[in-house]
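A.B. asks: Okay, here's the structure, questions in a sec.
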Amino acid sequence: TGFGGYGTLLPFVYSVILSVACRLADHPTASDYFFEVGGAWILATQVNLYVRVNELCKEAFPDESPPLHSWWAVLPPPMDVVVGLRQVHYLARYSAYVRGEQLDEDVVAEEYFPFIASERFTLAEFV
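Residue numbers for the sequence shown follow this note's numbering, beginning at 16 and rising by one.
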């Protein structure tokens, strides 16, 4: 449902390169445009990724609620980092399920930063 790694990163990288080239050529309006397009692209693909992670988890764990709020990808740091960390954890959990393996203990997600592996929560509950 997405563009894949290259389809996500290449348009972003090209837009940043074009932005820098336009800045060096003294075209600040074009530079700003390409930079904003790249930012919008990477955010849109992150939201799509989080929607897909929720779909995969729903298939594998139908009795659980979706783990991610996909719109959190558009929040400023550190909130976008929180949903990114949760995404990695739940993808690892899904991958272990698909392979028929037991997920090893995740000390980082379960002890140091329990919000990573916890049930889905709202922004108000996190703050």
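Glycine included, C-beta positions come from ideal geometry on N, C-alpha and C. Every value quoted in this text rests on a predicted model; they were computed, and no experiment measured them.
Taking the runs of the alpha helix (DSSP H) that are 4 residues or longer, which of them lie wholly in the segment 43-89?
C.D. replies: As far as the segment 43-89 is concerned, its whole alpha helix (DSSP H) runs of at least 4 residues are 43-75.
A.B. asks: Using a Cβ-Cβ cut-off of 6 Å (strictly less than) and excluding sequence neighbours within five positions of S80, which residues of its own chain qualify?
C.D. replies: These residues qualify, in order along the chain: R135.
A.B. asks: Looking at C-alpha atoms only, which residue of G22, R114 and E120 is the closest neighbour of N63?
C.D. replies: Residue G22 is the option with its Cα nearest to N63.
A.B. asks: Would you mind stating whether V88 and Q117 have Cβ atoms separated by less than 8 Å?
C.D. replies: Reading the sequence as shown, one finds Ala at residue 88 and not Val. The answer is no: Cβ separation not under 8 Å.
A.B. asks: What residue range does the alpha helix (DSSP H) around I32 cover?
C.D. replies: Looking at the DSSP string, the run of the alpha helix (DSSP H) that includes I32 is G19 to L39.
A.B. asks: Given a threshold of 16 other Cβ atoms within 10 Å of its Cβ, counted over all protein chains shown, does P82 qualify as buried or as exposed?
C.D. replies: By the 10 Å Cβ count, P82 comes out buried.
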